[in-house]
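*Asks:*
There are 2 protein chains.
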Amino acid sequence: MIKMSHAQRLRDLLEDAIVEGRFPPGTKLDPEALGREYQCSRTPIREALQQLAASGMVKVVPKRGTFVTQLGISELVERFEVMAELEAMCGRLAARRITSQELSELKTAHAACRERLEADDANGYYYENGCFHHCLYRASHNAFLTEEATRLHAILKPYRRLQLHVRHRMHSSFVEHEAIVAAIETGDAAAAEQALKDHVHIQGERFTDLVANIERLHESA
Amino acid sequence: MIKMSHAQRLRDLLEDAIVEGRFPPGTKLDPEALGREYQCSRTPIREALQQLAASGMVKVVPKRGTFVTQLGISELVERFEVMAELEAMCGRLAARRITSQELSELKTAHAACRERLEADDANGYYYENGCFHHCLYRASHNAFLTEEATRLHAILKPYRRLQLHVRHRMHSSFVEHEAIVAAIETGDAAAAEQALKDHVHIQGERFTDLVANIERLHESA
DNA sequence: TCCCGTCTTGTTGTATACAACAGATAGGCG
DNA sequence: CGCCTATCTGTTGTATACAACAAGACGGGA
Numbered sequence: 005m006i007k008m009s010h011a012q013r014l015r016d017l018l019e020d021a022i023v024e025g026r027f028p029p030g031t032k033l034d035p036e037a038l039g040r041e042y043q044c045s046r047t048p049i050r051e052a053l054q055q056l057a058a059s060g061m062v063k064v065v066p067k068r069g070t071f072v073t074q075l076g077i078s079e080l081v082e083r084f085e086v087m088a089e090l091e092a093m094c095g096r097l098a099a100r101r102i103t104s105q106e107l108s109e110l111k112t113a114h115a116a117c118r119e120r121l122e123a124d125d126a127n128g129y130y131y132e133n134g135c136f137h138h139c140l141y142r143a144s145h146n147a148f149l150t151e152e153a154t155r156l157h158a159i160l161k162p163y164r165r166l167q168l169h170v171r172h173r174m175h176s177s178f179v180e181h182e183a184i185v186a187a188i189e190t191g192d193a194a195a196a197e198q199a200l201k202d203h204v205h206i207q208g209e210r211f212t213d214l215v216a217n218i219e220r221l222h223e224s225a
Numbered sequence: 005m006i007k008m009s010h011a012q013r014l015r016d017l018l019e020d021a022i023v024e025g026r027f028p029p030g031t032k033l034d035p036e037a038l039g040r041e042y043q044c045s046r047t048p049i050r051e052a053l054q055q056l057a058a059s060g061m062v063k064v065v066p067k068r069g070t071f072v073t074q075l076g077i078s079e080l081v082e083r084f085e086v087m088a089e090l091e092a093m094c095g096r097l098a099a100r101r102i103t104s105q106e107l108s109e110l111k112t113a114h115a116a117c118r119e120r121l122e123a124d125d126a127n128g129y130y131y132e133n134g135c136f137h138h139c140l141y142r143a144s145h146n147a148f149l150t151e152e153a154t155r156l157h158a159i160l161k162p163y164r165r166l167q168l169h170v171r172h173r174m175h176s177s178f179v180e181h182e183a184i185v186a187a188i189e190t191g192d193a194a195a196a197e198q199a200l201k202d203h204v205h206i207q208g209e210r211f212t213d214l215v216a217n218i219e220r221l222h223e224s225a
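Protein sequences, first through last, are from chains A and B.
Residue numbers for the first sequence, in this note's numbering: 5 to 225.
Residue numbers for the second sequence, in this note's numbering: 5 to 225.
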């Protein structure tokens, strides 16, 4: 492993922890505690937190502390709207630009999804689904777009996790993926764009339904 | 003016300076010099620079220094591709969601553009053009999209400045704006989307032509 | 003359100490 | 008994000092 600064390593570690749900949205990130855990002073921790704040993973409330970003329904809807557009764009570009190697990678990821689906392994499907989408981003051959899509994907991941076990979601997701792969393979940019837009929009609607339910629970509690 | 931390104020100041071209792309930002200029130590400056780095305005080269981001042709093309998509999305949403007040603001901005065009005032047109686009972003009624579009717009601004005086660009830009306003006013989402996509793509092509010429000059120099 | 090794210098990255501010709490006054 | 105020505490924001590293310069050897 290459040498990198404490701040950089810490940033990656915290980002991972947040994305993977080990720090649920709303959690307060205490610099002092983190300092003890990672054996360093507040300075690099502060830097890491600020970098995360800049990418929208955490929110710094002046004089109050730093908290893992907790998105309300409308904020979630907004982000899914943009995510749908970015993914659709990736699909449109990928349909025209994908290389044969990238196409085979995409198909491999898709096959892995099928395997997890048939094994009824939601966590595994979730992981392979992430790979599938990243293949798509890269196939757009637009590094900036790939970065932005990846960043937004990461921000939304903790919420996506919530709907892992929704009934039949895995199966419908897989069917949607089939359409996406088919459109890209035939080079049909418009179809790929539409298929991805629908795919993400459906996720967005499901998520917001779910979040709405959760928030109702919180309110009544 | 409300009280904010040195780092925040510094961030805004530097961002402005970069966007407005007072620090051209490639400029080295020396923490020590900035410290003298703004009467503060390296710590808040470091923070400001890191926040700018996170939004892509500057690039930190480890052990070498911090430099204002200098985009090559391909990087520029990539960003304009994404910018076109985001603006097109703003237009599509705005066509459906714009309020009458926002529409009148947009028309006011458009009228200001016409004034500057008739006065042959390129700098003024440039400024009003920015207002026009920001009106559009806000009219999308998607705060996240507005933020992202604004950020990307700012990153591209130093390059946009380069083509201020291209012959007839102001006039064609204005004509394109007319189509955009018309589409939004009639609520034609598809037309607004297409008009904006074209508008930005044209800019992107012109810019990259220009940058290509500039880089050729640099090479031969 | 050219190349390699060492040293110097300037930079960034980190730790620690300090100051300033906001919120909470307790005490006094009406 | 309630409200206002003053202090107090815990936090963040900033300054400074130090350490580590890397690029460049210089000198010695081949």
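Glycine residues also receive a C-beta, built at the ideal position from the N, C-alpha and C atoms.
Interface residues of chain B around alanine 143(A) at Cβ under 7 Å?
*Replies:* Within 7 Å Cβ-Cβ: nothing; alanine 143(A) doesn't reach chain B, min ~14 Å.
*Asks:* How many angstroms separate the CA atom of valine 215(B) from the CA atom of arginine 164(B)?
*Replies:* Between valine 215(B) and arginine 164(B), the C-alpha separation is close to 10 Å.
*Asks:* Kindly indicate which three-state DSSP category glycine 191(A) falls into: helix, strand or coil?
*Replies:* Coil.
*Asks:* Beta-carbon of leucine 97(A) versus every beta-carbon of chain B: anything under 9 Å?
*Replies:* Interface residue, yes.
*Asks:* What number of angstroms, rounded off, separates the C-alpha of alanine 158(B) from the C-alpha of valine 23(B)?
*Replies:* Approximately 6 Å between the Cα atoms of the pair.
*Asks:* Which residue wins for smallest C-alpha separation from glutamine 43(B), given the options Asp125(B), Asp20(B), His10(B)?
*Replies:* Of Asp125(B), Asp20(B), His10(B), the residue nearest in Cα terms is His10(B).
*Asks:* Can you name the start and end residues of the beta strand (DSSP E) that lysine 63(A) belongs to?
*Replies:* Run containing lysine 63(A): 62-65, per the beta strand (DSSP E) assignment.
*Asks:* Assuming valine 81(A) contacts phenylalanine 71(A) (C-beta within less than 8 Å), just tell me the rounded distance between them.
*Replies:* Actually they are not in contact, since the Cβ atoms of valine 81(A) and phenylalanine 71(A) sit about 21 Å apart, beyond 8 Å.
*Asks:* For valine 65(B), which residues in the same chain have their Cβ closer than 7 Å to its Cβ, ignoring the five residues on either side in sequence?
*Replies:* Within the same chain, valine 65(B) has close Cβ partners Phe71.
*Asks:* Between Leu149(B), Gln105(B), His138(B), Ala99(B), which has its C-alpha nearest threonine 190(B)'s C-alpha?
*Replies:* The shortest C-alpha separation from threonine 190(B) is found at Ala99(B).
*Asks:* Here's the rule: buried if 16 or more other CB atoms are within 10 angstroms of the residue's CB, otherwise exposed. What is histidine 114(A)?
*Replies:* The residue is buried, with at least 16 neighbouring Cβ atoms inside 10 Å.
*Asks:* Tell me, which residues are paired with phenylalanine 71(B) by DSSP?
*Replies:* DSSP lists Lys32(B), Lys63(B) as partners of phenylalanine 71(B).
*Asks:* Is it the case that the segment 77-94 of chain A contacts the segment 133-144 of chain A, given that we only count it when at least three CB pairs across the two stretches are under 8 Å?
*Replies:* Touching, yes.
*Asks:* Compare the beta carbon distance of proline 162(B) and proline 48(B) with 9 Å and say whether it is the shorter of the two.
*Replies:* Not a contact, by the Cβ cut-off of 9 Å.
*Asks:* Between the beta-carbon of leucine 33(B) and the beta-carbon of leucine 17(B), is there less than 9 Å?
*Replies:* Contact: no.
*Asks:* Residues of chain A with CB closer than 8 Å to the CB of arginine 83(B), please, in chain order.
*Replies:* Ordered by position in chain A, the residues that pass the 8 Å Cβ test against arginine 83(B) are Phe148.
*Asks:* Taking the C-alpha atoms as reference points, what is the distance between arginine 50(B) and alanine 52(A)?
*Replies:* Computed Cα separation, rounded: 12 Å.
*Asks:* Is it the case that the Cβ atoms of leucine 149(A) and arginine 83(A) are separated by a distance below 9 Å?
*Replies:* No. Outside cutoff.
*Asks:* So, does the CB of glycine 208(B) fall closer than 9 Å to a CB anywhere in chain A?
*Replies:* No, its Cβ sits nowhere closer than 9 Å to a Cβ of chain A.
*Asks:* Closest by CA to aspartate 124(B), which one among Asn146(B), Ile102(B), His172(B), Arg96(B)?
*Replies:* That would be His172(B), whose Cα lies nearest to the Cα of aspartate 124(B).
*Asks:* Measure the beta-carbon distance from leucine 110(A) to valine 185(A) and round it to whole angstroms, keeping in mind my assumption that it falls under 8 Å.
*Replies:* About 6 Å; that satisfies the 8 Å criterion.
*Asks:* Quick one: what's got a C-beta closer than 8 Å to aspartate 210(A)'s C-beta in the same chain, skipping five residues either side?
*Replies:* A small fix is needed here, since residue 210(A) is arginine in this sequence, not aspartate. Cβ within range, chain order: Gln167, Val170, Arg173.
*Asks:* Please report the distance separating the alpha-carbon of alanine 21(B) from that of leucine 14(B).
*Replies:* In a straight line, the C-alpha of alanine 21(B) is about 10 Å away from that of leucine 14(B).
*Asks:* May I ask you to list, following chain order, the residues of the segment 51-78 of chain A that have a beta carbon less than 7 Å from some beta carbon of chain B?
*Replies:* So the close ones are Glu51, Gln54, Gln55, Ala58, Ser59.
*Asks:* List the whole-angstrom C-beta distance separating glycine 39(B) from glutamate 197(B), where the pair is believed to meet the contact cut-off of C-beta under 8 Å.
*Replies:* About 47 Å separates the two Cβ atoms, so there is no contact after all.
*Asks:* Please classify methionine 8(B) as buried or exposed, where buried requires at least 16 other C-beta atoms within 10 Å of its C-beta.
*Replies:* Exposed, since its Cβ has fewer than 16 Cβ neighbours within 10 Å.
*Asks:* Between the alpha carbons of glycine 25(B) and aspartate 202(B), how many angstroms are there, rounded?
*Replies:* If I take the Cα positions, the gap works out to 26 Å.
*Asks:* Given a cut-off of 9 Å, decide if histidine 145(B) and cysteine 97(B) are closer than it, judged by their beta-carbon atoms.
*Replies:* Cysteine is not the amino acid found at residue 97(B); the sequence shown has leucine there. Yes.
*Asks:* Between which residues of its own chain and threonine 31(B) is the CB-CB distance below 8 Å, once the five residues before and five after are set aside?
*Replies:* Around threonine 31(B): Phe71, Val72.
*Asks:* Listing by chain order, which chain B residues have their CB less than 8 Å from the CB of glutamate 89(A)?
*Replies:* Neighbours of glutamate 89(A) on chain B, chain order: Glu89, Leu90, Met93.
*Asks:* In whole angstroms, what is the alpha-carbon distance linking alanine 195(A) and isoleucine 102(A)?
*Replies:* If you take the alpha carbons of alanine 195(A) and isoleucine 102(A), they lie about 15 Å apart.
*Asks:* Skipping 5 residues on each side, what residues in its chain have a beta carbon closer than 7 Å to that of arginine 120(B)?
*Replies:* For arginine 120(B), where only same-chain residues beyond five positions count, the Cβ hits under 7 Å are Gly128, Tyr129, Glu132.
*Asks:* Take serine 59(A) as the anchor and find which of Ser78(B), Gln105(B), Gly76(B), Glu152(B) has the nearest alpha-carbon.
*Replies:* For serine 59(A), the nearest C-alpha among the options comes from Glu152(B).
*Asks:* Starting from the beta carbon of glutamate 152(B), find every residue of chain A whose beta carbon is closer than 7 Å, and list them in chain order.
*Replies:* Chain A residues near glutamate 152(B): Val86.
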